[in-house]
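Undergrad: Read top to bottom, the protein sequences are chains V and S. All letters in the first sequence, in the order written, are residues 26 to 293 by the numbering used here. All letters in the second sequence, in the order written, are residues 10 to 288 by the numbering used here. Think of the CB as a built atom: it goes at the ideal place given N, C-alpha and C, for glycine as much as any other residue. Okay, handing you the structure first.
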Amino acid sequence: MSADILNSLKIFKRELTPAQVVKKSREDRFMAREIIDGIFTDFVELHGDRLSGDDMSVIGGIAALNGQPVTIIVIDKGTDIHDKLSKRNGSPEPWGYRKAQRLMQQAERFHRPIITFINTPGAFPGKEAEAQGQGEAIAKSILESMKLTVPMIAIVYGEGGSGGALALATANQVWMFQNATYSILSPEGFASILWKDSKRSDEAAAVMGLTAKDLFEKDIIEYIVPESHNHPRVFNLIRKRLDDEIKALNQLTPSELVKQRRARFRAF
Amino acid sequence: MDLYENKSSKEKIKRDASVNDRIPDGLFLACPYCGAQMYNKQLGEFRVCANCGYGFRLQARERVSLLTDSFEEMDADIQMTNPEFPGYAEKLARAQSQTELGESVLTGLATIQQQKVALGVMDSYFMMGSLGSMTGEKITRLFEYATSHRLPVVLFTASGGARMQEGIQSLMQMAKVSAAVAQHQEAGLLYLVVLTDPTTGGVTASFAMQGDITLAEPHALVGFAGARVIESTIHEKLPKDFQRVETLLENGFVDQIVPRESLAPMIAKIVKLHTSLEE
Ligand SMILES: [Zn+2]
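If you want it as structure tokens, here you go:
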């Protein structure tokens, strides 16, 4: 092979830089509804938090995973511009987290495993969100997740932004898509807080350690979902692995499941 | 006079003196909440604005000496051993020497008007009270100690949010502490939060909002997102008392706003009401 071809192959196979991963994580690679339909069957959507409203950026419901009933909670950034605006690009309101809490409690009652799919720049920083207790909503999601006696697996498939992501990721296992990110803050926010210059976001991305690979190496996550343009292939792989891991987690007693989840975070 | 002096009151006097060394009595200050101008001396022992009741920010050790009859510090030696992020080690060292703390929270076993509690006090002067992994570790250990010794936890929150320099590890502390809170709750024990100025970000989105009872100091700023972030997101000016605890009380997120000088008796009263007769 000529040097030219070797070089271009190398470029093709070269890993993305963290800044490139950040960009990719924000693209519409995998859509919420596509994930639900691609992995599960018999999805029944359940709306509302029974307190104040229904946040459409958090899709929730029950479905079957290889025939086994599960509860799924999926953050949706929306499809077209109108949809994205109405879902604030996947930034949940407090009533979105309270809807998630309600569905987790319901899963607990019916002994159903919980699977969450996360793609959010963060919880919505809005006036109404603060008035309705955004902090309390996230705090309670985390606390109640810590008490669940059913298996819970969280999968970050795009952006995993801060507390707004953690609210649905206090699980027995946390996975990330290959080009997803999970971080304390966006690289723009990080750069503007630490260096007073949001334009240095690429530099921030490089030092933040927010890629799936970085986080896997630091034992923050258990598994990296390899991505492919062949989406059915990705979904088949996730379905199989979810099935295996949930079967394994189901071998634990309810109190062992709680213990495992708490110990997982105690290690940090 | 020496006859009436016990060890703890002597210590109290010494600590206050050292604080006053830094802020001269004659210094003219403006209240950060109402803007009223006053001499430092006028704030009194509790450092409260005479005009509006706002409590000026306290260092954790000042707070402990104002609040407790006795205090035995726990985990004093816990601090970051490998601050890798550029410039982080220097920032930590500065914060440690300014606050005489290893991390942004002071924890220990305290007596507040005869009630024994596990006490945690966050210090906003220590890197803005940010939630580092050792902050999380100290608070987690406080809850674990309280659970195994069947004690209530009283936690004074003050935090600018996450510790940026620690990245994802800082985020994980929200979950780590929450697990310890869950364990403490399940043991049937009381967790009392006192929200102080300012409590924001990841601390608000975790253990500050997980108490059985939530008290707050007058006019303390408490919220999740920063006001400037919200304003630039919704393109709207926020009202004056947005994110002040008076608004949180109105919205149902706080049990009571308690003036600083009344906190010790109020905490003691609540703790006592959670002590069963058999114990
Ligand atoms: Zn004032």
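Are any of the Cβ atoms in chain V nearer than 9 Å to that of N60(S)?
TA: Chain V contact via Cβ: absent.
Undergrad: In chain order, what are the residues with a CB under 6 Å from some non-hydrogen atom of ligand 1?
TA: Result (chain order): C40(S), Y42(S), C43(S), A45(S), C58(S), N60(S), C61(S) and Y63(S).
Undergrad: When you compare only the Cα positions, how much space is there between Q1(S) and P94(V)?
TA: What is shown of chain S runs 10 to 288, which leaves residue 1(S) out entirely.
Undergrad: I need the boundaries of the alpha helix (DSSP H) containing T156(S), first residue and last residue.
TA: S142 to S157 is the span of the alpha helix (DSSP H), which, as asked, contains T156(S).
Undergrad: Measuring CB atoms only, is the stretch 72-84 of chain S touching the stretch 102-116 of chain S, in the sense that at least three cross pairs come out at less than 8 Å?
TA: Touching, yes, given that three or more Cβ pairs across the two stretches are closer than 8 Å.
Undergrad: Which residue's Cα is closest to the Cα of H256(V): P146(V), A164(V), E59(V) and E161(V)?
TA: Checked all of P146(V), A164(V), E59(V) and E161(V); the closest Cα to H256(V) is E59(V).
Undergrad: Who are E82(S)'s beta bridge partners in DSSP?
TA: Bridge partners of E82(S): G117(S).
Undergrad: Note down, in chain order, each residue of its chain lying with its Cβ closer than 7 Å to the Cβ of A273(S), except the 5 sequence neighbours on either side.
TA: So the qualifying residues of the chain are L76, I121 and Q122.
Undergrad: Residues of chain V with CB closer than 7 Å to the CB of V190(S), please, in chain order.
TA: Per Cβ cutoff of 7 Å: L168.
Undergrad: Between which two residues does the alpha helix (DSSP H) harbouring A234(S) extend?
TA: Unbroken run through A234(S): none, as it is neither H nor E.
Undergrad: Measuring only the C-alpha atoms, how far is L262(V) from T156(S)?
TA: Distance between the alpha carbons of L262(V) and T156(S) is about 42 Å.
Undergrad: Only counting the same chain, and skipping five residues up and downstream in sequence, which positions put a Cβ closer than 7 Å to that of T104(V)?
TA: So the qualifying residues of the chain are M56.
Undergrad: Touch check for the stretch 156-169 of chain S and the stretch 195-204 of chain S: three-plus C-beta pairs under 8 Å?
TA: As far as the Cβ criterion goes, the stretch 156-169 of chain S touches the stretch 195-204 of chain S, which means the pair count is three or higher.
Undergrad: In this structure, does DSSP put F135(S) in helix, strand or coil?
TA: In the structure shown, F135(S) sits in coil (DSSP, three-state: anything other than H, G, I, E or B).
Undergrad: Grouping DSSP H, G and I as helix and E and B as strand, with all else coil, what is E114(V)?
TA: Correcting the residue type first, residue 114(V) is Asn in the shown sequence and not Glu. Residue state, collapsed to three classes: coil.
Undergrad: Please report the straight-line C-alpha distance between D30(S) and S179(S), rounded to a whole angstrom.
TA: Residue placement at D30(S) cannot be trusted, given a pLDDT of 49 that sits under 50; the coordinates are not used to answer.
Undergrad: In angstroms, rounded to a whole number, what distance separates the CA positions of R66(S) and T144(S)?
TA: Their backbone Cα atoms lie some 19 Å apart in a straight line.
Undergrad: Between the beta-carbon of I245(V) and the beta-carbon of F215(V), is there less than 9 Å?
TA: Cβ atoms of I245(V) and F215(V): not closer than 9 Å.
Undergrad: For L247(S), go through chain V and note every residue whose CB falls closer than 7 Å to its CB, in chain order.
TA: What L247(S) touches in chain V: K152.
Undergrad: Hey, is the stretch 208-224 of chain S in contact with the stretch 267-281 of chain V, meaning 3+ C-beta pairs nearer than 8 Å?
TA: Cβ pair count under 8 Å is below three, so no.
Undergrad: I'd like to check one pair, V190(S) with F152(S): are the Cβ atoms closer than 9 Å?
TA: Yes, they are a contact pair.
Undergrad: By the three-class DSSP mapping on this structure, what secondary structure does E71(S) have?
TA: Here E71(S) sits in helix by DSSP.
Undergrad: Taking the C-alpha atoms as reference points, what is the distance between Q105(S) and L240(V)?
TA: Near 29 Å, if we compare the C-alpha coordinates of L240(V) and Q105(S).
Undergrad: Taking the alpha-carbon positions, what's the Y182(V) to S50(V) distance?
TA: Cα-Cα distance, rounded: 8 Å.
Undergrad: Starting from A277(S) and walking both ways along the alpha helix (DSSP H), at which residues does that stretch end?
TA: Run containing A277(S): L272 to L282, per the alpha helix (DSSP H) assignment.
Undergrad: Of all the residues that make up the stretch 209-226 of chain S, which are near chain V by a beta-carbon distance shorter than 9 Å?
TA: Cβ contacts with chain V: T209, G210, G211, V212, T213, A214, S215, F216, A217, M218 and Q219.
Undergrad: Tell me the rounded alpha-carbon separation between R291(V) and I106(V).
TA: Distance between the alpha carbons of R291(V) and I106(V) is about 41 Å.
Undergrad: Roughly how many angstroms separate the alpha carbons of M26(V) and L90(V), rounded to a whole number?
TA: Confidence in M26(V) is poor, its pLDDT being 44 and thus under 50, which makes the residue's placement unreliable; the coordinate value appears in the next sentence. About 46 Å.
Undergrad: Return the chain-ordered list of same chain residues with a C-beta closer than 8 Å to the C-beta of L247(S), the five sequence neighbours on each side being excluded.
TA: Cβ neighbours of L247(S) beyond the five flanking positions: A236, I239 and E240.
Undergrad: Would Q107(S) and G141(S) qualify as a contact pair, given that the criterion is a beta-carbon distance under 9 Å?
TA: No. Outside cutoff.
Undergrad: Taking 8 Å as the threshold, find out whether the stretch 213-233 of chain S comes into contact with the stretch 255-269 of chain S through three or more Cβ pairs.
TA: The answer is yes - the stretch 255-269 of chain S touches the stretch 213-233 of chain S, with three or more Cβ pairs under 8 Å.
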